[in-house]
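In our numbering, the protein residues as written are 188 to 472.
Where is the CB? At the ideal position from N, CA and C, for every residue including glycine.
Source: prediction; values computed, not measured.
Set out below in structure tokens:
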């Protein structure tokens, strides 16, 4: 099956697709313009929810609201037009923003920050009481995250290093340790960006400037590669009632002649491969 374009808002950096099981809708963002969109597969209707400051990533809270990770490392919830601030800013991160994030089984959130001229990227853990703890530093561009099916390890991408790392993960404490390389991609194939893990434990990674989506087996061997009509494939997630619907975002919508006709769009595929629901955050609940 070829990727099918289902919405095109010409996103500068379309990212973070996330299936909302309560609403049976797919949400995604345009990072630099701070636009949030949603798509209803039952009606094929899609819309922009709002436009605000930069949004790097988001999770779905257990109460159904969205938890948004933003510029200056602010964290806010949004539901039905109502905003609530969890963290106003992180002083050390005022020159940058959050990037990809993921909730863990206990409702905490791991959240990466972009590097700036004066600071490396970092990975933080936001605990349920709102405490923010740095858990890894000295990174180029922290990106996609995911958990192994047994919940004993966590994947984390550093796009600038062309690498996806694997950490030991303690579900009780939220601690991560023993970082090692899961896969390092060739420099001439684009860079790994957003990712997800399917029900078979295989890792899907979007290739920024690689024009494709790649599935790796748990032993890090490549299982398949799917081409897209866009150079900057940015992220992938599973959704739908049985989690076999795949939604993929792309970037570069302001320069389609060079980035490809599908740049900045939202795509759909169904290969009969099943994903798993994302964990929900429980920050402040």
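Using DSSP bridges, identify the partner residues of residue i.
i, result
"residue 422", "436"
"residue 412", "401"
"residue 188", "According to DSSP, residue 188 bridges with nothing at all."
"residue 321", "311"
"residue 269", "266"
"residue 144", "The displayed coordinates of the chain run from 188 to 472. Any statement about residue 144 would go beyond what the structure contains."
"residue 355", "340, 364"
Just confirm the distance between the C-beta atoms of residue i and residue j, as a whole number of angstroms; I'd bet it's less than 8 Å.
i, j, result
"residue 223", "residue 237", "6 Å"
"residue 381", "residue 457", "Contact flag wrong, Cβ pair sits at about 19 Å."
"residue 378", "residue 349", "5 Å"
"residue 449", "residue 437", "6 Å"
"residue 260", "residue 276", "6 Å"
"residue 293", "residue 358", "6 Å"
Under a three-way DSSP split, which group does residue i fall into?
i, result
"residue 442", "helix"
"residue 379", "strand"
"residue 282", "coil"
"residue 360", "coil"
"residue 366", "strand"
"residue 174", "Missing from the structure shown is residue 174; the chain here goes from 188 to 472 and no further."
"residue 338", "coil"
"residue 223", "strand"
"residue 385", "coil"
"residue 204", "strand"
"residue 299", "strand"
"residue 277", "coil"
"residue 394", "strand"
"residue 289", "strand"
"residue 209", "coil"
"residue 218", "coil"
Taking the beta strand (DSSP E) that residue i falls in, what are its first and last residues?
i, result
"residue 232", "232 to 238"
"residue 196", "Element bounds for residue 196: n/a, residue is neither H nor E."
"residue 329", "329 to 334"
"residue 309", "308 to 313"
"residue 407", "First-last for residue 407: undefined, no H or E at that position."
"residue 257", "253 to 257"
"residue 456", "452 to 456"
"residue 467", "Neither: residue 467 is in no beta strand (DSSP E) and is coded neither H nor E."
"residue 459", "Per DSSP, residue 459 belongs to no beta strand (DSSP E) and is neither H nor E."
"residue 246", "242 to 247"
So, for residue i: in the same chain, excluding its five sequence neighbours on each side, which residues have a beta-carbon less than 8 Å away from its beta-carbon?
i, result
"residue 302", "283, 308, 326, 327, 328, 347"
"residue 374", "349"
Ignore the nearest five residues each way along the sequence and tell me which others in residue i's own chain have a CB closer than 7 Å to its CB.
i, result
"residue 258", "240, 241, 284"
"residue 399", "412, 413, 414, 415, 420"
"residue 471", "273, 317"
"residue 388", "335, 336, 405"
"residue 188", "456, 457, 458"
"residue 250", "472"
"residue 219", "199, 200, 241"
"residue 315", "294, 295, 469, 470"
"residue 217", "196, 198, 199, 200, 201"
In chain order, what residues of the same chain lie with their CB nearer than 6 Å to the CB of residue i, ignoring the 5 residues before and after it?
i, result
"residue 343", "332, 352"
"residue 354", "341, 363, 366"
"residue 266", "252"
"residue 289", "297, 332"
"residue 310", "299, 322, 323, 329"
"residue 452", "192, 195, 437"
Tell me whether residue i, by its Cβ, gets closer than 7 Å to a heavy atom of the ligand MG.
i, result
"residue 381", "Ligands displayed in this structure: none; no statement on the ligand MG is therefore possible."
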